[in-house]
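J.:
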Amino acid sequence: MKKEILLILLCLVSICSVAQDQFQKGYFIDNSNHKVDCLIKDMDWKYNPTEFTYKLTEKSEEKNVAIEDVKEFEIINISKYIRATVNIDKSSLFIDKLGYVREPEFVKETLFLKVLIKGNANLYAYEKRNFIRFFYQVNNNEIKQLIFKEYKTHDNIPIVKENNDFRKQIYEDLKSENITITNTLNLKYNEKSLIKKFVQYNKSKGQDFTVFNNLIKRDLFNLTFKTGIDYSSLVITNNPFSSTVYNDIDAGKSSKLRYGVEFEFIMPFYNNKWAITIEPTYQYFKKKSTDEYVSKYSTNKTYKTDVDYKSIEIPIGFRYYYFLNKKSKLFFNAALIFDYNFKNSRIIVEEISIYRNIDITSKNYNYSLGLGYKYNNKLSIEARYYSPRDLFRDERIKGTKYNTISLILGYTIF
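As structure tokens, this is what we get:
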């Protein structure tokens, strides 16, 4: 198992080491209010950056610039960030780290705020690993945090409560015919709900505004039908069918078709490079074979095996994409596979006059690694390796090594 985990890590590091993010057309404004048109490396940041990489032309050298040297930067039609010194409450969202104070505990910091809406009323976001905060600005006045905080009571059994003062802020500062006490009472502290309110306010002012959040249309879910060929072999290790001779029995090799469907969930950051996959697949191994064991200490033995193994595999894993161009990309998979065998799956071994029959109850999981290519987000081909699987869950019956490599074709419906 350690070797398999090490192999996963080595493959991942190898792919990530050559991966590149694309430079996109953009600009930044320096401390002298000088606008620099350039190409900015699009990292599709999940967490707000403190610096970025740019180059003046395709062939010029890359340069890094930090937050203290830039007032704002934008990747055209993708994202925009501004530098601002704000009061921010960094209270955690994790229950075990909640405090007992209802009011926000502000600290002053200089941050790159992500622009969600630019107009009469601006909406910004700042996200780190354990919290997200939203900020707003009306008529170019001071940028303020929209206040939301979870806290605990001092009861014997603490109760988690919420400070939802952001609703009061929006009602008071964005008051209009579309924003009333009634329709702000149940407003959620999330990007979708807040953008909707700020859009309503900016529309009521009859002036142009930009919603940066809607500039990128993301494909966050894919459904793919899979088929292909499995090349499998089975070896019965430490022969559980014989009470006198403990040797490995070669139960044969088989090539057979496989069928499955894949559910892929694309992570909404880092330029759609990471995904979580779930791929229920029907697989089987049906083989009759004869194997002779030559022993120095006893007479030769001939084993006849009859294996009928059917199961549903459910690999749950992650995928990393490396984009070659707009239509072509390579991908790397690593998955943990849960195997659920059919009840009538069994292994029969006949040794001279001895006949043994053991039902298959495969162990809970094994691993897989895959490398593939996808074209136009529709057609894919993948080579996949599976770590050996034990078909006997009962430790008293020793074990088996069920090995598989696969060639898999896929067609993405949507």
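Reading the sequence shown from the start, the letters are residues -19 to -1, 1 to 395 in mature numbering (1 follows the signal peptide of the UniProt record, and there is no 0).
We put the CB at the ideal spot given by N, CA and C, even for glycine.
1. Please look up how many angstroms separate the CB atoms of Leu79 and Tyr132, rounded, as I've assumed it's under 8 Å.
2. Note down the Cα distance separating Ile230 from Leu372, rounded to an integer number of angstroms.
3. For the structure I just gave you, are there three or more beta carbon pairs, one from the segment 79 to 90 and one from the segment 64 to 71, closer than 8 Å?
4. What does the alpha-carbon distance come out to for the pair Phe299 and Lys44?
5. What are the boundary residues of the alpha helix (DSSP H) that Gln188 is part of?
6. Mind checking Ile162: buried by the 16 CB within 10 Å criterion, or exposed?
7. Within a Cβ cutoff of 7 Å, which residues of the same chain sit near Met248, ignoring the five residues on either side of it in sequence?
8. Quick check on Arg110: does DSSP put it in helix, strand or coil?
9. Just the Cα atoms here: how many angstroms apart are Glu363 and Asn203?
10. Excluding the 5 residues preceding and the 5 following Ile63 in the sequence, name in chain order all residues of the same chain whose CB lies nearer than 8 Å to its CB.
11. The ligand ATP and Thr271: does the residue's C-beta get closer than 8 Å to at least one heavy atom of that ligand?
12. Can at least three beta-carbon pairs, one atom from the segment 233 to 253 and one from the segment 204 to 216, be found at a separation below 8 Å?
13. Any idea which residues DSSP pairs Asp340 with across the strands?
14. Closest to Glu158 by C-alpha separation, out of Ser185, Asn137 and Gln150, would be which residue?
15. Are the beta-carbon atoms belonging to Tyr383 and Tyr290 less than 9 Å from one another?
16. Let me know if Lys40 comes out buried or exposed under the rule of 16 or more other beta-carbons within 10 Å of its beta-carbon.
17. Note down the Cα distance separating Glu153 from Glu143, rounded to an integer number of angstroms.
18. Excluding the 5 residues preceding and the 5 following Ser334 in the sequence, name in chain order all residues of the same chain whose CB lies nearer than 7 Å to its CB.
19. Leu127 and Phe147 look like a contact to me (Cβ under 8 Å); what is the Cβ gap, rounded to whole Å?
20. Given Ile394, which residues of its chain have a CB within under 6 Å of its CB, disregarding the five upstream and five downstream residues?
21. Let me know the secondary structure DSSP gives Thr393 once reduced to three states.
22. Leaving aside the five residues before and after Asp50 along the sequence, list all residues of the same chain whose C-beta is less than 7 Å from its C-beta, in chain order.
23. Please report how far the alpha carbon of Tyr182 lies from the alpha carbon of Phe115, in whole angstroms.
24. In the DSSP assignment, the beta strand (DSSP E) including Thr163 goes from what residue to what residue?
25. Am I right that Phe179 and Ile124 are in contact with their C-beta atoms under 8 Å? What's the rounded C-beta distance?
26. Please classify Ile98: does DSSP put it in a helix, a strand, or coil?
27. Straight-line CA distance for Arg327 to Glu260?
28. Please work out which residues of its chain come closer than 6 Å, Cβ to Cβ, to Phe244, disregarding the five sequence neighbours upstream and downstream, and give them in chain order.
T.: For this structure:
1. 6 Å
2. 14 Å
3. yes
4. 32 Å
5. Run containing Gln188: none; DSSP gives neither H nor E here.
6. exposed
7. Trp255 and Ala256
8. coil
9. 16 Å
10. Lys52, Glu53, Phe93, Leu94, Val96 and Tyr105
11. You won't find the ligand ATP in this model; it holds no ligand whatsoever.
12. yes
13. Arg327
14. Ser185
15. yes
16. exposed
17. 19 Å
18. Caution applies to Ser334, whose pLDDT of 48 falls short of 50 and renders its modelled position unreliable; the value that the coordinates give is listed next. Excluding residues within five positions, none has a Cβ falling inside 7 Å.
19. 4 Å
20. Leu204
21. strand
22. Asp11 and Asn12
23. 17 Å
24. Taken as a continuous stretch (DSSP letters only), Thr163 belongs to no beta strand (DSSP E), being part of the alpha helix (DSSP H) at Ile162 to Thr165.
25. Actually they do not touch by this definition, with Cβ atoms about 14 Å apart.
26. strand
27. 25 Å
28. Ile259
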